[in-house]
Amino acid sequence: MYLADEHRYDKMPVRRAGNTGFQLPAISFGMWHSFGENANYGDTRDIILKAFDAGIFSFDLAANYGPGSYAAESLFGEVLHRELMPYRDELVISSKAGFHMWPGPYGQMSSRKALTASLDRSLKAMGLDYVDIYYSHRFDAETSPEETAVALDDLVRQGKTLYVGISNYTKPQAEAMIKIFKDLHTPFVVDQVSYNMLNQTANDDGLFDMLAQNNAGAIAYGPLSEGLLTDKYLDGIPEDVDIHWSNEFVLDNGRDKMVQKLQALNKIAQSRGQKLSHMALAWLLHNPVITSVITGASKPEHLNENIKAVQNLEFDPEQLAAIDKILKA
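See the structure below:
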C-alpha cells in the first residue's frame with residue numbers, strides 16, 4: 001500500500017494565484033504527452049507517485065490529452081483510485097475542454113454544450129465527483145464570452161468544479177471573460193498560457209499585468225519550448241525537431257542564431273550552478289504572477305531533473321539583465 005513521503009511539503013515551494021485561496025506547487029505535473037491508450041500503467045503509477053512524494057500535488061489534464069480523447073484522464077483515474085484517494089483533499093486535479101474531443105461541431109471549442117458534456121466525460125474517466133479547476137481550453141471566436149463564462153459558472157454551482165480557468169486566451173480575450181466572471185462572482189483564478197524564455201508573448205501583450213490587477217495568476221506550459229531550453233540542442237537544432245504551434249515563431253530568425261542564444265544562456269546557467277533547463281524553469285518563477293509551471297515527464301529521471309530547478313530560484317539584477325539582453329538579440 002502506497003504511503004506518501006511525510007516530508008513532501010518541505011521539498012516544493014507553494015504559490016498562490018493573486019489573493020485567491022487557489023494554491024499550487026511551483027511545479028505542476030502535466031499529462032499532455034506519453035499517457036495515452038498505449039501507455040504502461042506501472043510506469044505511469046511510478047512517475048505520478050514520485051511527483052507527489054516530491055511535493056507536486058497538482059496534476060494537469062485535459063479531454064484531448066493522450067493521445068486518445070480522455071485517455072490520460074482514464075489512466076490517471078486508475079492511479080488515483082488505486083493509490084492516491086486517501087490524499088484526494090490534498091490534490092489539485094484539473095481538466096480542460098476545447099480541443100478535439102469527439103466528432104461533430106460540439107466536439108471542440110467552448111460552447112455551453114461542449115464544456116458541460118466534456119466535463120461529465122472527464123469526471124467519468126477519472127471516477128470523480130468534481131475537479132478542482134476546469135478550463136475553457138481555448139478562445140472560441142464564434143461563441144460569445146457570456147455563453148462560455150456562464151457555462152463555467154454553472155458547473156461551479158453544480159458542484160462539478162471548485163474553480164474555473166481559461167487557457168490560451170490573450171489579454172483582450174481574458175479581460176472580457178474576467179469582467180463577466182466578476183459580475184457572476186465566479187471563482188476564476190488563472191489563465192494557462194504557453195510561456196518560456198523564448199516565447200514571452202503572454203507577458204509582452206500585457207496579459208500578466210492585467211491578471212495581477214485582477215488578483216489572478218498565470219500558469220506557464222511549454223516552459224522548455226519543447227526541449228530547446230535544455231542541453232539537447234546546444235550543438236545544433238535538426239530540421240526535423242517538432243515545435244508546438246505556440247512556439248514555432250521562435251525559430252523565425254534561423255536555427256543557427258537560436259543555437260548561439262542557447263549557448264549564451266547556458267553559460268549564465270553554469271555560473272549559477274544550474275543546467276540550462278533548471279535556469280529556464282527558475283526564470284519563469286521569478287515573476288510573481290506565475291502561480292505554477294507545468295512540466296511533463298515520461299520517466300522518473302526526467303521528473304527529478306525538473307524538480308532541481310527549485311533549488312535555486314533567486315536571480316540578481318545583473319543576471320536578469322544579461323538574460324534579457326541575450327533573448328532580445
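Be aware that the sequence shown starts at 1, since it is given in full-length UniProt numbering, and climbs by one per residue.
C-beta atoms are modelled at their ideal positions from N, C-alpha and C, and glycine is treated no differently.
Since residue i sits in a beta bridge, which residues does DSSP pair it with?
{"i": "ALA218", "result": "ASP191 and ILE290"}
{"i": "PHE29", "result": "PHE59 and THR295"}
{"i": "SER117", "result": "Per the sequence shown, residue 117 should be read as Ala rather than Ser. Answer is none; ALA117 lacks a bridge partner."}
{"i": "TYR87", "result": "None, per the DSSP bridge assignment."}
{"i": "TYR134", "result": "SER95 and VAL164"}
{"i": "GLN213", "result": "According to DSSP, which records beta bridges pairwise, GLN213 is partnered with nothing at all."}
Please identify the residue among the options whose C-alpha is closest to the C-alpha of residue i.
{"i": "ALA51", "options": "SER74, SER69, ALA26 and GLU73", "result": "ALA26"}
{"i": "GLU142", "options": "THR170, HIS278, ASP154 and MET109", "result": "MET109"}
{"i": "ALA63", "options": "GLY55, SER136 and TYR41", "result": "SER136"}
{"i": "ILE93", "options": "GLU37, LYS160, ARG15 and ILE178", "result": "LYS160"}
{"i": "PHE35", "options": "GLU73, PHE22, GLY206 and ARG16", "result": "GLU73"}
{"i": "PHE208", "options": "ASP231, ASP235 and GLN173", "result": "GLN173"}
{"i": "TYR87", "options": "LEU3, GLY236 and ASN168", "result": "LEU3"}
{"i": "SER167", "options": "ILE294, GLY21 and SER298", "result": "ILE294"}
{"i": "LYS257", "options": "ILE237, VAL189, ASP191 and PHE22", "result": "ILE237"}
{"i": "ALA280", "options": "ASN312, TYR9 and VAL14", "result": "ASN312"}
{"i": "ASP43", "options": "GLY18, PHE57 and GLU78", "result": "GLU78"}
{"i": "GLY165", "options": "ASP10, LEU128 and ALA17", "result": "ALA17"}
{"i": "ASP316", "options": "LEU303, SER271 and GLY222", "result": "SER271"}
{"i": "LEU285", "options": "ASP5, HIS185 and SER28", "result": "SER28"}
{"i": "VAL289", "options": "GLU6, LEU24 and HIS7", "result": "LEU24"}
{"i": "HIS278", "options": "PRO223, LYS171, ASN287 and LEU184", "result": "PRO223"}
{"i": "HIS302", "options": "GLY30, PHE22 and LEU251", "result": "GLY30"}
{"i": "ILE268", "options": "GLU318, HIS7 and VAL250", "result": "GLU318"}
Assuming contact is defined by CB atoms lying nearer than 8 Å, are residue i and residue j in contact in what I supplied?
{"i": "ILE323", "j": "TRP283", "result": "yes"}
{"i": "TYR106", "j": "LYS96", "result": "no"}
{"i": "THR291", "j": "GLY217", "result": "yes"}
{"i": "THR230", "j": "LEU198", "result": "no"}
{"i": "ILE178", "j": "ASN203", "result": "no"}
{"i": "ARG138", "j": "PHE99", "result": "yes"}
{"i": "MET12", "j": "ILE47", "result": "no"}
{"i": "LEU75", "j": "TYR130", "result": "no"}
{"i": "SER144", "j": "TYR70", "result": "no"}
Please go through the same chain and pick out, in chain order, the residues whose beta-carbon is closer than 6 Å to the beta-carbon of residue i, but skip the five residues on each side of it.
{"i": "MET140", "result": "It is worth fixing the name first, because residue 140 is Asp in this sequence and not Met. Correct list, in chain order: MET109 and SER110."}
{"i": "SER298", "result": "SER34"}
{"i": "ALA220", "result": "TYR195, LEU284, ILE290 and VAL293"}
In whole angstroms, what is the alpha-carbon distance linking residue i and residue j?
{"i": "MET210", "j": "ASP120", "result": "32 Å"}
{"i": "GLN158", "j": "PRO187", "result": "13 Å"}
{"i": "GLY101", "j": "VAL193", "result": "Checking the sequence shown, residue 101 turns out to be Met, not Gly. Each residue's alpha carbon lies about 20 Å from the other."}
{"i": "ILE307", "j": "GLN274", "result": "12 Å"}
{"i": "THR116", "j": "ALA151", "result": "7 Å"}
{"i": "SER118", "j": "ASP191", "result": "19 Å"}
{"i": "ASP235", "j": "ILE243", "result": "18 Å"}
{"i": "ALA264", "j": "LEU320", "result": "13 Å"}
{"i": "ALA54", "j": "ARG8", "result": "5 Å"}
In chain order, what residues of the same chain have a beta carbon less than 7 Å from the beta carbon of residue i, not counting five sequence neighbours either side?
{"i": "GLU83", "result": "TYR2, ARG45 and LEU49"}
{"i": "ASN266", "result": "LEU234 and LEU276"}
Spatial neighbours of residue i within its chain, please: C-beta separation below 8 Å, excluding the five flanking residues on both sides.
{"i": "GLU226", "result": "VAL241, ASP242, ILE243, HIS244 and ASN247"}
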